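Quick note on my numbering: the sequence shown kicks off at 19 and runs consecutively.
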Amino acid sequence: MNDQQSNLAFVFPGQGSQSVGMLTNLAENYPEVKHVFEQASDVLSFDIWKLIQEGPVEALNKTQNTQPIMLAAGVATWQVWCNQTNSRPQYVAGHSLGEYTALVAAEALTFEDAILLVAERGRLMQEAVPEGIGAMAAILGLTDEQVVTICEQTANGEVVSAVNFNSPGQVVIAGHVGAVDRAMVAAKDAGAKRALLLPVSVPSHCALMEPAANQLAEVLNPIAINSPKMTLIHNVDAAAHSDTEMIKSLLKAQLSQPVRWVQTVQHLQNQEVEHFIECGPGKVLMSLNKRIAKGRNHLAILDSSTLENVLETVND
């Protein structure tokens, strides 16, 4: 029997955590990693594990590749966890694309359907805004309100908006390249510590994604989504939902609306979650979560040694 722990939350990363060679150590020690990637490669009809191992990084960073790769990476890491222990989190959440990984972990969505969905999601996003038209940038050291105001003041008829409220003092903006550039300059003038472009090929979670969101809704329509078996906190409203039609509408809305990560983690903190475990490559969410939920335990499963550390902590 699996033991669902009320003080435990697993969080799944999205785009930006990918890197050439990721998960190599886990794959060498746990055969289920390769098995998950074989399943994903069969669904997509190309070898995504080879792309992870060999690159090039430019292909890895193309959103139509990144999305299924990061989903598979998160699910593979989750499978390793599930095969090592009966401990399960009561709460799950994912950052942007990671929400689909969370849905798989919560048994609301099959892995095969999720892979097809995110591959199509990536394709629709790429087609909605051709490369070179949109951009995303991280603004560090300003308040949420300052960044929102700067975007409003620098849009000049184009799209630029705050799209990821990642942690206190870190907000990601997205929109047309020129508007993002203007907002970055204005942010620095306003005292931002840094304003840096992100290596992504589409401007996620802004109004430029509305055409893709409408098309995604059509793709989602026939997909079977079940009520999550864990409490899943959604990006759009930082709340949990069991109604499957509502979940589909939130997945559509997520494409063109902000990721409210600070509110998501605060919600989990208010549920008295003590252990926040990042499940998937990288430590992006762990770093963010430390700044939001101070005094809680923040860990990441990156390889066999970090897995052992998390197992000891959670099962102590």
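Cβ coordinates follow ideal geometry from the N, Cα and C atoms, glycine included. Please read all numbers here as calculations on a predicted model, not as lab measurements.
Item	Value
Closest to VAL237 by CA distance: which of LEU26, SER222, VAL29, ARG141 is it?	ARG141
Can you give me the Cβ contacts of GLY193 inside the same chain, cut-off strictly under 7 angstroms, excluding the 5 residues immediately before and after it?	GLY152, GLU176, VAL177, VAL178, SER179, PRO221, CYS224, LEU226
Is the beta carbon of THR119 sitting closer than 8 angstroms to the one on VAL93?	yes
On a CA-only basis, which of ASN239, THR172, SER114 is nearest ALA204? Give me that one, please.	THR172
Which of the three DSSP states, helix, strand or coil, is assigned to LEU273?	coil
Less than 7 angstroms between C-beta atoms, sequence neighbours within five positions excluded: which residues of the same chain meet that for VAL75?	VAL38
Run through the segment 106–173 for me and flag every whole beta strand (DSSP E) of 3 or more residues, listed as ranges in chain order.	152–158
CA-CA distance, LYS68 and ASP207?	44 angstroms
Secondary structure at CYS297, three-state DSSP: helix, strand or coil?	strand
I need the DSSP call for THR331, collapsed to helix, strand or coil.	helix
Is LEU339 helix, strand or coil when you go by DSSP?	Residue 339 lies beyond the stretch modelled for the chain, which goes from 19 to 334, so this question has no answer here.
With distances taken between CB atoms, is the gap from ILE66 to PRO49 smaller than 8 angstroms?	no
Going along the chain, which unbroken runs of the beta strand (DSSP E) with 3 or more residues stay wholly within the segment 20–104?	21–30
Leaving out five residues on either side along the sequence, give the residues of the same chain with a beta carbon under 6 angstroms from the beta carbon of THR84.	GLN33, GLN36
Please return the same chain residues whose Cβ sits closer than 8 angstroms to the Cβ of GLY150, not counting the five positions on each side in sequence.	VAL195
ASP60 and ILE241 look like a contact to me (Cβ under 8 angstroms); what is the Cβ gap, rounded to whole Å?	At roughly 19 angstroms, the Cβ-Cβ gap does not stay under 8 angstroms, so ASP60 and ILE241 are not in contact.
For ALA344, collect the residues of the same chain with a Cβ closer than 7 angstroms to its Cβ; drop the 5 residues on either side in sequence, then sort them by chain order.	Outside the displayed span of the chain (19 to 334) sits residue 344, for which this structure offers no information.
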